[in-house]
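The block underneath contains the structure these notes are about, expressed in structure tokens.
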Amino acid sequence: MGPGPAAEGNCRGSPRNDHSRRALPQSWDDLPSQATVLASGCVFAAGIRDYGRVSETQDKPAAAAPSDAAEANRVHADPAPIKPVIAAKAAKRANASVIGMVIALLVCVLAFLPIVLMNPAPKSDGYRPNVNVSAIAANAADVAGFTPVAPELGDTFSPNYARWDSGTASGVPIWEVGYLTPKEAFIGVVQTRQANPTWLLQQTKNAPVTGTRNAGGQEWELRDSGKDTRSMILVHRGTTIILSGTASLDEFATVAAAVVKSAASAPSALP
Numbered sequence: 001m002g003p004g005p006a007a008e009g010n011c012r013g014s015p016r017n018d019h020s021r022r023a024l025p026q027s028w029d030d031l032p033s034q035a036t037v038l039a040s041g042c043v044f045a046a047g048i049r050d051y052g053r054v055s056e057t058q059d060k061p062a063a064a065a066p067s068d069a070a071e072a073n074r075v076h077a078d079p080a081p082i083k084p085v086i087a088a089k090a091a092k093r094a095n096a097s098v099i100g101m102v103i104a105l106l107v108c109v110l111a112f113l114p115i116v117l118m119n120p121a122p123k124s125d126g127y128r129p130n131v132n133v134s135a136i137a138a139n140a141a142d143v144a145g146f147t148p149v150a151p152e153l154g155d156t157f158s159p160n161y162a163r164w165d166s167g168t169a170s171g172v173p174i175w176e177v178g179y180l181t182p183k184e185a186f187i188g189v190v191q192t193r194q195a196n197p198t199w200l201l202q203q204t205k206n207a208p209v210t211g212t213r214n215a216g217g218q219e220w221e222l223r224d225s226g227k228d229t230r231s232m233i234l235v236h237r238g239t240t241i242i243l244s245g246t247a248s249l250d251e252f253a254t255v256a257a258a259v260v261k262s263a264a265s266a267p268s269a270l271p
């Protein structure tokens, strides 16, 4: 195939007739490696092939070295850390402020410490009502039909309440007194002349009978639920007396002995 029109147009000054041209090569591959002069003053580059293709041997731009690219990426990804620099005067002012705060706090503590030491916390056991068990029992005797027990326990057992309950809710009228023991436990005393089995189960919280215990010269029935609550029951001089609470058996025995002594000094209940 011969050169295209563009190739002919570039050969300026060449004759237009075929007789004045030199013989063309049969193909582009017959051209010399560097350049070939066709016709008069017409030069074709060695790298041009037929159909306008470019030789595969053309120079290509050199690729960047992998090491250089990696180094550039590392520099951008890991910039050098910037260390803050505090001026000497600024650091001195900051330290002075902290020291001043500490000194002010110590001054406040020292100022209030004498006030706290001069006002110690109260050592009382809290409020305990002043309950006169003997007087209340004497007033309830006419209504009860018997003389309610009023155990003398000194100052170690503190009475919380003493009252007569007519039994409107339970159907059983009772005399009841509550005591706070020296070990901060509780024992309640209940006395009635109209006890029945159902009422007994209610008062003892359905605890089973676990034995007997002697206190004040009398044999008391012991019922223990196994949940830190227990009861002692005594039928004496026409009344049923129940002690219930969370106290230890030793404290129960102390109250039981005082109850027996109080009941012995009172007349028997009327039938």
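Just so we're aligned, residue 1 is where the sequence shown starts under full-length UniProt numbering, counting upward by one. Glycine included, each C-beta is placed from N, C-alpha and C at the ideal position.
Item to complete: Could you round the C-beta distance between residue 185 and residue 246 to whole angstroms and report it? I think they count as a contact, below 8 Å.
Response: About 5 Å separates the Cβ atoms of residue 185 and residue 246, confirming a contact at the 8 Å cut-off.
Worksheet item: residue 220 and residue 234: beta carbons closer than 7 Å?
Response: yes
Worksheet item: By a C-beta neighbour count over all protein chains shown, 10 Å radius and 16 as the cutoff for buried, is residue 216 buried or exposed?
Response: buried
Worksheet item: Does the segment 101-108 touch the segment 127-136, meaning 3 or more C-beta pairs lie closer than 8 Å?
Response: no
Worksheet item: Could you give the uninterrupted runs of the beta strand (DSSP E) lying entirely in the segment 127-196, keeping only those of 3 residues or more?
Response: 158-165, 174-180, 186-192
Worksheet entry | Proximity to residue 176 [Cα-Cα], best of 182, 113, 140, 197 | 140
Worksheet entry | Sheet register partners of residue 224 (DSSP bridge) | 230
Worksheet entry | Cβ-based neighbour list, residue 210, same chain, cut-off 6 Å, excluding 5 preceding and 5 following | 222, 224
Discussion item. Under DSSP, the alpha helix (DSSP H) around residue 257 begins and ends at which residues?
Written reply: 249-264
Fill in: Where residue 245 sits in the DSSP three-state scheme
strand
Worksheet item: By how many angstroms is the C-alpha of residue 153 removed from the C-alpha of residue 197?
Response: 30 Å
Worksheet entry | Inter-residue spacing [alpha-carbon to alpha-carbon] between residue 259 and residue 112 | Straight across, the Cα-Cα distance linking residue 259 with residue 112 is about 53 Å.
Worksheet item: In terms of DSSP beta bridges, what is residue 240 paired with?
Response: 192, 235
Worksheet item: Where does the unbroken beta strand (DSSP E) through residue 215 begin, and where does it stop?
Response: Counting along the chain, residue 215 sits inside the beta strand (DSSP E) bounded by residues 209-215.
Practice prompt. Identify every residue that forms a DSSP beta bridge with residue 218.
Written response: 215
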